[in-house]
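A.B. asks: Numbering (the numbering used here) for the sequence shown: 1318 to 1910.
Note that beta-carbon positions come from the ideal geometry of N, C-alpha and C, so glycine has one too.
What you are looking at is a predicted structure, and each value in this text was computed from that prediction instead of being measured.
First the structure, then my questions, so here it is.
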Amino acid sequence: MDLSAAEKQNLEAQLEPLSRSLNDKELVWASGYLAGAASARGGAVTTAAASATSETLTIWYGSETGNGRGVAERLAAEARSHGYTVELASSADIQPRSIAKVSVLLLVMSTHGEGDPPEDAEALHKLIQSERAPRLDSLRYAVFALGDSSYPDFCQTGRDFDARLDQLGATRLLDRVDVDVDFEPAEDQWRNRVLEKVGEVLQTGGAATPHLQLVQGTPGAQRFDRRNPYQAEVLEIAPLTVSPSTSPVHHVELLLEDSTLQWQPGDSVGIWPRNDARLVDEIIAVCKLDGDAVVARKGESLSVSDWLGGRLELTQLARPFLDAWCDLSRNSELRAILDNRDALSRWVAGHQVIDVLREYPAEVDGERFVNALRGIAPRLYSIASSPLEYEDEVHLTVKRVGGLNARQQLRAGVASWQLTETVQPGQRVPVYIESNPRFRLPEDPSRPIIMIGPGTGVAPFRAFIQQRRALGGSGENWLFFGARNRSTDFLYQIEWQRYCRQGGLDRLSVAFSRDQENKIYVQQRIREQGRELFDWLERGAHVYVCGDGQAMAVDVHQALAEVVAEHAGLDAGRAEAYLETMKTDKRYQKDVY
């Protein structure tokens, strides 16, 4: 008996909340299970025409913070709903040379740091850029490049792939799209356009395969994510550092009760911040704008004050805004800075939007100003608690960036200032969970782990230790922690000492750089204890590094390579190969920024 349109719609509404995470094998099992259930009831089962694409639509992604993975997953879900056979994979999980066997490739690629590929795309990027890259005359492709326009090499990795695939003979389905941190509108447009192009070269050959999706949480419950954040109650904000620390850090606790959100140690919380009212008022005054005036941006109309308060980036500078302001101000000094790559990088690090407005004044109306700015982006914080110990809470370790200057003008990081100075317990902030499958505890709880986390990089390791204690695993835990001064900056000191006494932390190695004349960092401690550390590696230890990716992670990697070379009797090249093997085996994982 055929279902009515209303009945079909009702069923789709019930099945939709289950629709996100089944892989192909699970999907086949689920369809068989439902068919069996119908048969057991004596019902007639008619199997819809299966997807019969003659070729597979391949979607690969390279992602550092999870944005690229999210774009790729949404694209894959939409493609499957159209009836395409889809292969979705992180570029870390494929053999780079298998690209020669792909016929249609949609590549979602982030750029990390100073134009570098994300770690999970390094091997693929290296092959494609090398002389050993295969010819790809049969490949049709499109690239969606994610980046941050506050960096000079905006979307560089996506540009690299796009240009090189073309050189290797592949055919573009669509011109590359470069997107900034506020990428959602562009993502939606690109997804529709690229699937239209895919439709011109791939035929589904039948109705779309029924596609069950599964989300974590209660069926039928509202799903919270980056696009639909949960309003989390702030439970506690407590200082972790003491005066006269030069880097104030706070412990922040958020309540996620009844949110249906789930997370694991290694994941992050994304917070959609609001700009401080003092900064908004200062900008309106300097530009002589009418804060109540309603202006349009990308098809939406809000007051200037509302745009500046919660929708636009005011504390980080992006190249498009600087170019636009340079045109308005016609200032030769600002143009000289923009034309000098190294000078621009240094200058941007110490300036915000308001500083540009004050130093290089220009006349501007509200609509033009609002449209020159970049959309605000969420800020990610590593989760510093285990769901097994704090079931309905997530804890964060938040370093306050900046503050009030000598003129009592606010020059601070938007989220860190909000979380440590503006928000009070009982108030709410919009949040979501950013999963990080590349930063996970070993499946075997008997494996030893080595955690290296200076400063706030120690946050996820608090969650790791809590999780390991709750699970009762026998694996040893070794923590390397570094900060400026023991007396003012020893984050979670009492907890680490308690874990050392009561179990949970077998070794604690600390480095306080300013407590003696010669600065000491965690990489020195790694070298000093190299013999024991290498013994742990040989026993199968997993190594985790979290924190600054520009300096600390590089120095720590060098120290690890030196330890391996010295104690394994290897040259530098073979020591690097040792660490690369650890990466491949997921025994050397980094969460750096």
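On the DSSP letters alone, give me the boundaries of the alpha helix (DSSP H) that A1459 sits inside.
C.D. replies: First-last for A1459: 1457–1463, but that is the beta strand (DSSP E), not the alpha helix (DSSP H).
A.B. asks: If distances are taken between C-alpha atoms only, which option among G1387, A1394, S1415, R1397 comes closest to M1426?
C.D. replies: G1387
A.B. asks: Whole angstroms are fine: how far does the CA of L1645 sit from the CA of C1604?
C.D. replies: 12 Å
A.B. asks: Secondary structure at F1829, three-state DSSP: helix, strand or coil?
C.D. replies: strand
A.B. asks: Scan the stretch 1568–1610 and note each continuous alpha helix (DSSP H) run of 4 residues or more that stays entirely inside, going in chain order.
C.D. replies: 1594–1604
A.B. asks: Could you give the first and the last residue of the continuous beta strand (DSSP E) run that contains T1714?
C.D. replies: 1710–1716
A.B. asks: Leaving out five residues on either side along the sequence, give the residues of the same chain with a beta carbon under 7 Å from the beta carbon of R1544.
C.D. replies: When the five nearest sequence neighbours on each side are left out, the beta carbons in the same chain lying within less than 7 Å of the beta carbon of R1544 are those of E1501, in order along the chain.
A.B. asks: Can you tell which of F1686, A1653, R1663, L1690 has its C-alpha closest to the C-alpha of A1610?
C.D. replies: F1686
A.B. asks: Quick one: Cα of L1808 to Cα of G1772, how far?
C.D. replies: 7 Å
A.B. asks: Where does L1629 fall in DSSP's three states?
C.D. replies: strand
A.B. asks: Can you list, in chain order, the residues of its chain whose CB lies under 7 Å from that of T1535, leaving out five sequence neighbours each side?
C.D. replies: For T1535, the predicted model reports a pLDDT of 46, less than 50, meaning its position is unreliable; a value from the coordinates is still stated below. Answer for T1535: T1577, listed in chain order.
A.B. asks: I'd like the span of the beta strand (DSSP E) that includes Q1548, first residue to last.
C.D. replies: 1547–1556
A.B. asks: For the beta strand (DSSP E) containing H1859, name the first residue and the last one.
C.D. replies: 1859–1864
A.B. asks: By DSSP, does D1656 sit in helix, in strand, or in coil?
C.D. replies: coil
A.B. asks: Can you tell me whether P1794 is helix, strand or coil according to DSSP?
C.D. replies: A small fix is needed here, since residue 1794 is Asn in this sequence, not Pro. Looking at N1794 - three-state DSSP - the assignment turns out to be strand.
A.B. asks: Classify R1808 as helix, strand or coil using the three-state DSSP reduction.
C.D. replies: Checking the displayed sequence, the identity of residue 1808 turns out to be Leu instead of Arg. L1808: coil per DSSP, three-state reduction.
A.B. asks: Going along the chain, which residues of its own chain have a beta-carbon closer than 6 Å to the beta-carbon of Y1677, five neighbours each way excluded?
C.D. replies: S1646, N1648, L1651
A.B. asks: For I1601, collect the residues of the same chain with a Cβ closer than 6 Å to its Cβ; drop the 5 residues on either side in sequence, then sort them by chain order.
C.D. replies: Here the set comprises G1608.
A.B. asks: Which value, in whole angstroms, describes the spacing of the CA atoms of A1417 and G1583?
C.D. replies: 34 Å
A.B. asks: Residues in the same chain with beta-carbon distance under 6 Å from R1824, minus the five sequence neighbours each way, listed in chain order, please.
C.D. replies: W1795
A.B. asks: Please report the straight-line C-alpha distance between R1493 and L1374, rounded to a whole angstrom.
C.D. replies: 18 Å
A.B. asks: Under 8 Å, with one C-beta from each stretch per pair, do the stretch 1839–1848 and the stretch 1812–1823 reach the 3-pair mark?
C.D. replies: no
A.B. asks: Does the Cβ-Cβ distance between L1552 and E1570 come in under 8 Å?
C.D. replies: yes
A.B. asks: Between V1748 and Y1905, is the Cβ-Cβ spacing less than 8 Å?
C.D. replies: no
A.B. asks: Rounded to whole angstroms, what's the CA-CA distance from S1662 to T1805? Just pull it up for me.
C.D. replies: 31 Å
A.B. asks: Can you tell me where the beta strand (DSSP E) holding Q1906 begins and where it ends?
C.D. replies: 1905–1909
A.B. asks: Whether or not the stretch 1509–1517 and the stretch 1476–1484 are in contact is what I'm after, with contact meaning three or more pairs of Cβ atoms, one per stretch, closer than 8 Å; do they touch?
C.D. replies: The stretch 1476–1484 makes no contact with the stretch 1509–1517, as fewer than three CB pairs between them are under 8 Å.
A.B. asks: What's the C-alpha gap between E1738 and P1556?
C.D. replies: 11 Å
A.B. asks: Is T1898 helix, strand or coil by DSSP?
C.D. replies: helix
A.B. asks: According to DSSP, simplified to helix, strand and coil, what is G1799?
C.D. replies: DSSP places G1799 in strand when its eight states are reduced to three.
A.B. asks: Alpha carbon to alpha carbon, what distance is there between W1664 and N1340?
C.D. replies: Any reading at N1340 must be qualified, since the residue scores a pLDDT of 49, below 50, and its modelled position is unreliable; the value itself is stated next. N1340 and W1664: Cα-Cα distance of roughly 47 Å.
A.B. asks: Which residues mark the beginning and the end of the alpha helix (DSSP H) in which I1843 is found?
C.D. replies: 1839–1845
A.B. asks: Go to E1751, then tell me how far its alpha helix (DSSP H) extends in each direction, as first and last residue.
C.D. replies: E1751 -> not in any alpha helix (DSSP H); beta strand (DSSP E) instead, spanning 1745–1751.
A.B. asks: If D1593 and L1727 are in contact, beta carbons under 8 Å, what's the gap, nearest whole angstrom?
C.D. replies: Yes, D1593 and L1727 are in contact; Cβ-Cβ is about 6 Å, under 8 Å.
A.B. asks: Quick one: give me the first and last residue of the alpha helix (DSSP H) that A1406 is part of.
C.D. replies: Not the alpha helix (DSSP H): A1406 falls in the beta strand (DSSP E), residues 1403–1407.
A.B. asks: Give every residue of the same chain whose Cβ lies closer than 7 Å to the Cβ of D1470, excluding the five residues on either side of it in the sequence, and list them in chain order.
C.D. replies: These residues qualify, in order along the chain: T1428, E1431, G1432.
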